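Comments concern the structure below.
Chains as they are written, first to last, in the numbering used here: chain A, 1 to 541; chain B, 1001 to 1251.
Here you go:
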């Protein structure tokens, strides 16, 4: 974790020192503390995993840290498990515990930090580490009707090119149901549904007729084991995976990956590349939000507005392609900067297209605001209150519609975001309409940011040599269009990836989806789904 | 609510002229690398070496591109002293490598073609481009193409993604549920060759590993017009040999 103390606005670095003191008082010498370039690493003694839940509860609830995610790593002789927390406006806290490889169980955080739920399920499924007191393990990434237990594909002993396992689909397998009232039944939706142009995922709607009591998403149909197949690849080849596992936020993810690689190599990206990265990231956000708005309009069957929003999105895709030669911003980021520069005339053309899109979006927003039948479908639908959003650590526009202000561009600036003034729109209602308003408001901010970047754009190189040839581990973070994304990377001395972990906003937020999908009328389901705007591919990886 | 109707009308016709004319708005296609003649053997070899998926093969001073493997990383354009030639265009549909001929849908079905889309582990780009065909700028309804939610009434199965292990079953079930005279089109480099995901314990490495593919649309992702071209080929309204529209190419 190199050099982010310099990004932090004056004085706030002190709060990490306060935190260190507070931890010392509370946990005494049981917690060894290492301060590394502005972030802190808390290395827990292997003999005391029992401290873990208490420590994490202290960070998350008492100190108001945000939960980043859990990364498990198998090293030749030990497990290393990292718990990432963010102290807003200060820096990252990496709670690390090393355990002998024979360890088979860790205490679960779920009772203290609910947001850790799916992280622990994933680790249990892929590494075989059991989490004590976790209420529901098994059947997560590897679907139980296909995969037997104990494969643990993320272990080093399992080869990624392992021949595909002989499939014996268990026809007797049944998903876990909760609602047991007489007359209730579970309606399966997916994985192939919505005319086929929805992503592959499955929902079990537990219903007693018109009303759906709960809706449980079942994901990982699209799991391509990106983290596994990245191992053993060079950084440049792994970058292709980071960029392509979720194409609608490709630039954000490749940026986080490149930042991690740059931290390991210990290089600084030239200012022009940093500024252009901000520009491209905001262009992606604007396009993503236009697409999300189109999906919401479509879910309410307001055909004209859906068509108009879809045209805005397609025009932004075309403008992106005219600017960067790719409609989804592939092939631009590279460790050390950007692969190419952009001429001033191209920037001008882009600004014009962005202004047009912004104008069209504002017109659309005004019309939607006066369409009562449209608002009726969104207001008080799919409500997630602020408390639940905090509890489940919801990120991105969904979190911000439920009063969770965290935005990594502000809370822990990267790529020079601290130089630009922008607002972080926030709503408190937590319903579908609040989420739509946040999307519209963020699109306006993205447009303003793009203008500010072009105004301030300095001349200079857009790339420095970045040959990752030394061993190390680092994390890169971005505020992707759907929320906070963390990419954690460890490379060896040859520059080969040993462990790559992508913690994505969709993975975080799918966990909270069931809060919004409780006791609702069946016809509201597509609307709740669209206002969440989550991606299965970003979650599944 | 009548104002929506009015605003919709006021926008006028926005749809592309393709396939009757040529669509040349900037940004409709990212273009792609094409076979290139270099001045030295080394330059050709460097272009082949920089390709991360082995889509470029060097032979003497020339390079040949297998578009089914190209993941559009642009390294052969931006990271070489003497870059590959790139060409704009979008009429990219082709036959799979193991097929010498694929017949289009029989004409009674081709006039109103119903398309079933299965996402078999796609990164979201190809699926998104397929979705764009429904927006007014492409408006595939005018050509008699429709997405259908049920395999029972589908004529064409359009598959995106490299076929993840957890989607293999649903994909096969969808195919089996379709009436015969069905066609299968693989869209995107991942569906053709596995793309960056390749073949692993979780990825079949392309639809061709699981089912017999009739037509392919290469690209990462192929732009909506390329997919539209593929649909027209399946319907027998475009031939595979139709020349690419000549647009302003990049050197």
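Cβ atoms here follow ideal geometry from the backbone N, Cα and C, with glycine treated the same way.
No experiment lies behind these values; they were computed from the predicted model shown.
Would you call the CB atoms of residue 122 of chain A and residue 110 of chain A closer than 8 Å? no
Alpha-carbon spacing of residue 1139 of chain B relative to residue 200 of chain A, whole angstroms: Residue 1139 of chain B and residue 200 of chain A: Cα-Cα distance of roughly 24 Å.
Could you tell me the alpha carbon to alpha carbon distance between residue 1225 of chain B and residue 1028 of chain B, rounded to whole angstroms? Their Cα atoms are separated by approximately 8 Å.
Look up residue 1250 of chain B in the DSSP assignment and say whether it is helix, strand or coil. Reliability of the predicted coordinates at residue 1250 of chain B is poor, the pLDDT of 41 falling under 50, and the value obtained from them is presented with this limitation in mind. Looking at residue 1250 of chain B - three-state DSSP - the assignment turns out to be coil, as it is neither helix nor strand.
In its own chain, which residues sit with a C-beta less than 6 Å from the C-beta of residue 258 of chain A, not counting the 5 before and 5 after it? Result list for residue 258 of chain A: 333, 335, in chain order.
Backbone secondary structure at residue 1202 of chain B - three-state DSSP: coil
Cα separation between residue 1242 of chain B and residue 1231 of chain B? A caution first: residue 1242 of chain B carries a pLDDT of 46, below 50, which makes its placement in the model unreliable, though a value can still be read off. Their backbone Cα atoms lie some 14 Å apart in a straight line.
Backbone secondary structure at residue 433 of chain A - three-state DSSP: When DSSP states are grouped into helix, strand and coil, residue 433 of chain A belongs to the helix group.
Let me make sure I understand the geometry here. Which of B:1015, B:1087, B:1005 has the alpha-carbon closest to that of residue 962 of chain B? One cannot answer for residue 962 of chain B here, as it falls past the ends of chain B, which runs 1001 to 1251.
Any C-beta of chain A within less than 9 Å: which residues of the region 1218-1234 of chain B qualify? 1220, 1221, 1223, 1224
Of the residues B:1169, B:1059, B:1234, the one placed nearest residue 1043 of chain B, counting alpha carbons only: The candidate whose alpha carbon is nearest that of residue 1043 of chain B is B:1059.
Under a three-way DSSP split, which group does residue 1208 of chain B fall into? helix
Burial state of residue 370 of chain A (16 or more Cβ within 10 Å): By the neighbour-count rule (16 or more Cβ atoms within 10 Å), residue 370 of chain A is not buried but exposed.
Whole angstroms is fine: what's the gap from residue 139 of chain A's alpha carbon to residue 535 of chain A's? 20 Å
Considering only residues of the same chain and omitting the five flanking positions on each side of residue 1102 of chain B, which have a CB-CB separation below 7 Å? 1095, 1214, 1215
Below-8 Å beta-carbon distance, residue 304 of chain A vs any chain B residue: yes
Which whole-angstrom value describes the C-beta separation of residue 1105 of chain B and residue 1236 of chain B, a residue pair presumed to lie in contact below a C-beta threshold of 8 Å? 7 Å
Taking DSSP's pairing of strands, which residues face residue 1183 of chain B in a bridge? B:1156
For residue 316 of chain A, tell me which candidate among A:290, A:304, A:497, A:339 has the shortest Cα-Cα distance. A:290
What number of angstroms, rounded off, separates the C-alpha of residue 178 of chain A from the C-alpha of residue 187 of chain A? Counting only the Cα atoms, residue 187 of chain A lies some 13 Å from residue 178 of chain A.
Could you have a look at residue 333 of chain A and say whether DSSP puts it in helix, strand or coil? Looking at residue 333 of chain A - three-state DSSP - the assignment turns out to be strand.
Please compile the residues from chain B whose C-beta is within a distance smaller than 8 Å of the C-beta of residue 346 of chain A. Those do not exist, as residue 346 of chain A stays about 11 Å from chain B at its closest Cβ, beyond 8 Å.
Could you check how far apart the C-beta atoms of residue 1154 of chain B and residue 1178 of chain B are, in whole angstroms? I think they sit under 8 Å. Going by Cβ atoms, the distance from residue 1154 of chain B to residue 1178 of chain B rounds to 5 Å, so yes, they are a contact pair.
Just verifying my parser: in three-state terms, what is the DSSP assignment at residue 405 of chain A? Residue 405 of chain A: coil per DSSP, three-state reduction.
Could you name the residues of chain B that residue 326 of chain A contacts, counting a contact when the two beta carbons are closer than 8 Å? What residue 326 of chain A touches in chain B: 1030, 1072, 1074.
Identify whether residue 305 of chain A lies in helix, strand or coil by the three-state DSSP scheme. helix
Residue ranges of each alpha helix (DSSP H) within the region 360-422 of chain A, 4 or longer: 372-378, 386-391, 396-400, 408-411
Determine whether the Cβ of residue 1019 of chain B lies closer than 8 Å to any Cβ atom of chain D. The structure shown contains no chain D; its protein chains are A and B.
Is the Cβ-Cβ distance between residue 394 of chain A and residue 477 of chain A less than 8 Å? Going by C-beta atoms, residue 394 of chain A is not nearer than 8 Å to residue 477 of chain A.
Report the residues of the region 1047-1081 of chain B with a CB closer than 9 Å to any CB of chain A, ordered along the chain. 1052, 1053, 1071, 1072, 1073, 1074, 1075, 1077, 1078, 1079
Of the choices A:128, A:129, A:331, whose alpha-carbon is the least far from that of residue 1196 of chain B? A:331
The alpha helix (DSSP H) enclosing residue 298 of chain A, as first and last residue numbers: Looking at the DSSP string, the run of the alpha helix (DSSP H) that includes residue 298 of chain A is 271-299.
CB residue 428 of chain A to CB residue 382 of chain A, shorter than 8 Å? no
My guess is that residue 208 of chain A and residue 525 of chain A are in contact by the Cβ rule of under 8 Å, so how many angstroms apart are they, rounded? Distance from residue 208 of chain A to residue 525 of chain A at the Cβ level is roughly 15 Å; contact not present, criterion being Cβ atoms closer than 8 Å.
Should residue 1033 of chain B and residue 1070 of chain B be called a contact, given that it needs their Cβ atoms to be closer than 8 Å? yes
C-beta neighbour in chain A for residue 1092 of chain B, strict 8 Å: With 8 Å as the cut-off, residue 1092 of chain B does not count as an interface residue toward chain A.
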